[in-house]
Amino acid sequence: MNVFSSELEQYVAPDCDRLAFLQDYLARRDVQTSVVPVNGRKHLYVNFPTGAYNPSFKIKTIITHYDRVPNSPGANDNSVCDLAVADFAVRLRQRFLRGGTHNVRIFFTDGEELGENGVAEQGAFGLAELFRKLGITKDDVYVFDACGRGTVPVLAQAGLDAKVSGSFKKQFFSLYERTQKLLREVSPQSWMTLPVPYSDNAGFLACGIPAVAITFLPADEATDYARELMRDKTLEKVVMNCDRADSSDMPYHFEYVEKMPRTWRLFHTEYDNLLSLTAESQPLLAKILDALGNARFLA
Numbered sequence: 006m007n008v009f010s011s012e013l014e015q016y017v018a019p020d021c022d023r024l025a026f027l028q029d030y031l032a033r034r035d036v037q038t039s040v041v042p043v044n045g046r047k048h049l050y051v052n053f054p055t056g057a058y059n060p061s062f063k064i065k066t067i068i069t070h071y072d073r074v075p076n077s078p079g080a081n082d083n084s085v086c087d088l089a090v091a092d093f094a095v096r097l098r099q100r101f102l103r104g105g106t107h108n109v110r111i112f113f114t115d116g117e118e119l120g121e122n123g124v125a126e127q128g129a130f131g132l133a134e135l136f137r138k139l140g141i142t143k144d145d146v147y148v149f150d151a152c153g154r155g156t157v158p159v160l161a162q163a164g165l166d167a168k169v170s171g172s173f174k175k176q177f178f179s180l181y182e183r184t185q186k187l188l189r190e191v192s193p194q195s196w197m198t199l200p201v202p203y204s205d206n207a208g209f210l211a212c213g214i215p216a217v218a219i220t221f222l223p224a225d226e227a228t229d230y231a232r233e234l235m236r237d238k239t240l241e242k243v244v245m246n247c248d249r250a251d252s253s254d255m256p257y258h259f260e261y262v263e264k265m266p267r268t269w270r271l272f273h274t275e276y277d278n279l280l281s282l283t284a285e286s287q288p289l290l291a292k293i294l295d296a297l298g299n300a301r302f303l304a
């Protein structure tokens, strides 16, 4: 898959049934899936054989949302990640056929965009609740969102300020440190940790399940954003939705929007289209996913 592929062009089309598209995309490549309905949302789960899992190592759950807001192509938010993860699932199947294990779970989630109305409305929140009911609380959860523009992998800082102790804090910091190590190995000169708006990681964190989120930014945008964070100590709170900017107060709202990376300002608009993507992002995303597939962490 690349930014010029016919599949991606079809996927961002206004009339595309994105769930059906993903099911068909994977089925044509001999990857089986199941729809997991939770609280009115339809999540898509990749059915890997049980032999693909080695109980000696932690399971790595990869999350990417397939929903998008109305009237936006959603090219970066989140089409590129969806097809990249689908292609990753194909590579994992091929690895299994060669006799290898990978310990990867994959969910394409529905309802991420509803998180703007509160985390409990988010599709991933219901999925995380299901994880807890099933006793699945020790997976490493990796959320990939908006990785189609730029070459700087950004590890979201959400969860670092959690006012909790005990096993959650220990698990989260272990996951966070291992994710930093992975990004350092894959992209040693250009990865960063920054405050990032919540994605599906919010639903898992709210349910007490450690989760990290990875996104991409162009180098100049990442640098400018880091500089703005140093200048304005309230910007981080706005970004993390701790201090919501009232859009009716336009001067205040505009002041903070202008300090955000341009990539994020394209979200939920008609300009989040194929022309906004950068070809260099796709091989980097594939490299990060493959590194996760190869990673082995003791259970």
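Sequential numbering from 6 applies to the sequence shown in my numbering. Positions of the beta carbon are idealized from the N, C-alpha and C atoms, including for glycine.
Rounded to the nearest angstrom, what separates D82 and L102 at their Cα positions? Within the sequence shown, residue 82 is the residue found at index 77, counting from 1. Within the sequence shown, residue 102 is the residue found at index 97, counting from 1. Their backbone Cα atoms lie some 32 Å apart in a straight line.
Provide the residue span of the alpha helix (DSSP H) that contains D2, from first to last. Because residue 2 is not part of the residues shown, which for the chain are 6 to 304, the question remains open.
Residue range of the unbroken beta strand (DSSP E) whose run includes V309: Nothing can be reported for residue 309, as the shown portion of the chain is limited to 6 through 304.
Should S61 and T156 be called a contact, given that it needs their Cβ atoms to be closer than 9 Å? Locating residue 61 in the sequence shown gives position 56, counting from the first residue. Locating residue 156 in the sequence shown gives position 151, counting from the first residue. No. Outside cutoff.
Who are V148's beta bridge partners in DSSP? Translated into positions along the sequence shown, residue 148 becomes position 143. DSSP, once it has assigned bridges, lists I68 and A218 as partnering V148.
Whose C-beta lies closer than 8 Å to the C-beta of E275 among residues of the same chain, with five residues either side of it excluded? Along the sequence shown, one-based indexing puts residue 275 at 270. The residues are N76, S77 and P78.
Cβ shell of D145 (< 6 Å), same chain only, five flanking positions each side left out: On the sequence shown, residue 145 is found 140 positions in, with the first residue counted as 1. Once the five neighbours on either side are set aside, the close Cβ partners of D145 are K63, K65 and L180.
From the DSSP output, in three-state form, read off A89 for me. For this step, residue 89 is matched to residue 84 along the sequence shown. Of the three classes helix, strand and coil, the one that applies to A89 here is helix, per DSSP.
Distance CB(F302)-CB(R154) smaller than 9 Å: Sequence index remark: in the sequence shown, residue 302 carries index 297 (1-based). Sequence index remark: in the sequence shown, residue 154 carries index 149 (1-based). The Cβ-Cβ distance between F302 and R154 does not fall below 9 Å.
Within 10 angstroms of the Cβ of A129, are there 16 or more other Cβ atoms? Answer buried if so, exposed if not. For the purposes of this step, residue 129 is taken as the residue at position 124 of the sequence shown. Its Cβ being crowded by 16 or more others within 10 Å, A129 is buried.
CA-CA distance, Y233 and F173? Residue mapping note: residue 233 aligns to position 228 of the sequence shown, counting from 1. Residue mapping note: residue 173 aligns to position 168 of the sequence shown, counting from 1. According to the sequence displayed, residue 233 carries Glu and not Tyr. Per the coordinates, the alpha-carbon of E233 lies some 31 Å from the alpha-carbon of F173.
Have a look at G140 and D115 and give me their C-alpha separation to the nearest angstrom. For the purposes of this step, residue 140 is taken as the residue at position 135 of the sequence shown. For the purposes of this step, residue 115 is taken as the residue at position 110 of the sequence shown. Roughly 22 Å between the two C-alpha positions.
Distance between N206 and L199 (C-alpha atoms, nearest Å): Here residue 199 is taken as the residue at index 194 of the sequence shown, counted from 1. Here residue 206 is taken as the residue at index 201 of the sequence shown, counted from 1. Distance between the alpha carbons of L199 and N206: 15 Å.
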